[in-house]
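Numbering (the numbering used here), first residue to last: 12 to 233.
See the structure below:
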């Protein structure tokens, strides 16, 4: 599937389950997401982390709708499980998308297929490329502070002010580099690598969405 098609599928599923009340459908989507993580080889290192992240919002959702929801006990239990599993779907579905997504391909695909601004795309790519340099700069600033007898904690405004000042210099250098390489805002661009939307990707989106409708309206899963 094209990266844009993957993002569209995730958004459609997220929008769909926001209006459905099926516990089993949510569990099916969670299992499918886990299978994707398993296939991509990211299951072992991500499952425990995602489970820990999902525990607090899942418990909060269940207790809120069970103890403070409307209706009889059976209705409250059902809706509490719906909201709890919905949290799991959002977390694991997002993780499955990220595990199969390449940021560069996603941004270039959005630029080519949905006409996202090239300036925005290159700006985001440039910002992400600066992350290792920013981390290194923060470590250097803290080390310099310690040599002067000043401990800069992670909550210290002075630490981040210096890092932001340095980032502004890098931002200006990035703009100059883009201009020197022939980038002009608003001009038509050619592409070294194209990311066209594939017919197979549209078919996968159609099949998945029809399966969800079948589960909700035909099977009426609990």
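Note that the Cβ used here is the ideal one computed from N, Cα and C, for glycine as well.
In angstroms, rounded to a whole number, what distance separates the CA positions of residue 151 and residue 138? 19 Å
Should residue 17 be labelled buried (16 or more other beta-carbon atoms within 10 Å of its own) or exposed? buried
Member of 48, 173, 68 whose CA lies at the smallest distance from the CA of residue 148: 173
Excluding the five sequence neighbours on either side, which residues of its own chain have a C-beta within less than 6 Å of the C-beta of residue 40, listed in chain order? 100
Pick helix, strand or coil for residue 125, following the three-state DSSP scheme. coil
Buried or exposed (CB count within 10 angstroms, at least 16 for buried), residue 191: exposed
Nearest to residue 180 (by Cα), restricted to the options 106, 20, 141, 109: 141
Nearest residue (CA-CA) to residue 104, options 57, 77, 168: 57
Is the beta carbon of residue 226 closer than 8 Å to that of residue 61? no
How is the alpha helix (DSSP H) around residue 201 delimited, first residue to last? Unbroken run through residue 201: none, as it is neither H nor E.
If we count the other Cβ atoms within 10 Å of its Cβ and call it buried at 16 or more, is residue 159 buried or exposed? exposed
Using the Cβ count rule (16 or more neighbours within 10 Å means buried), how would you classify residue 93? buried
Residue range of the alpha helix (DSSP H) that includes residue 26: 14-28
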